[in-house]
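Q: Take the sequence shown: its letters are residues 12 to 96, numbered as in the working numbering.
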Amino acid sequence: MGNIEIRHYQKSDYSRCEELVNLAWRFDKIFVSEKLFLLAKELYTKGSFFSSNYHMVAETNGKVVGFIFGFNINNKSQKVVCCSV
């Protein structure tokens, strides 16, 4: 697999994070409707992103293989604001 680098999230990581959400939760298998599948995947990923102030990804060989969006209570300087992912 190679070395895993942990780094800060970048906007360009978003689509891969959505793919990973679907690999974990299998929304494409749960929802028959493609519109519902896409909505569930987007709501889960964006909801996690916007409700957190800590965004990191794991990358190997230039590909995002994992991510964590969480809330760090010690990080009071970052506030969640409305913006595009």
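From the three backbone atoms N, C-alpha and C, an ideal C-beta is built for every residue, glycine too.
Within a Cβ cutoff of 6 Å, which residues of the same chain sit near phenylalanine 48, ignoring the five residues on either side of it in sequence?
A: Hits under 6 Å: Phe38, Asp39 and Phe42.
Q: Can you tell me whether DSSP reads tyrosine 65 as helix, strand or coil?
A: Strand, per DSSP.
Q: CB lysine 52 to CB asparagine 33, shorter than 8 Å?
A: Against a cut-off of 8 Å, the Cβ pair of asparagine 33 and lysine 52 comes out as a contact.
Q: For threonine 71, collect the residues of the same chain with a Cβ closer than 8 Å to its Cβ; drop the 5 residues on either side in sequence, then sort them by chain order.
A: Here the set comprises Met12, Gly13, Asn14, Ile15 and Glu16.
Q: Drop a sphere of 10 angstroms on the beta-carbon of phenylalanine 78, count the other beta-carbons inside from all chains shown, and report buried for 16 or more, exposed for fewer.
A: It is buried - the Cβ of phenylalanine 78 has at least 16 other Cβ atoms within 10 Å.
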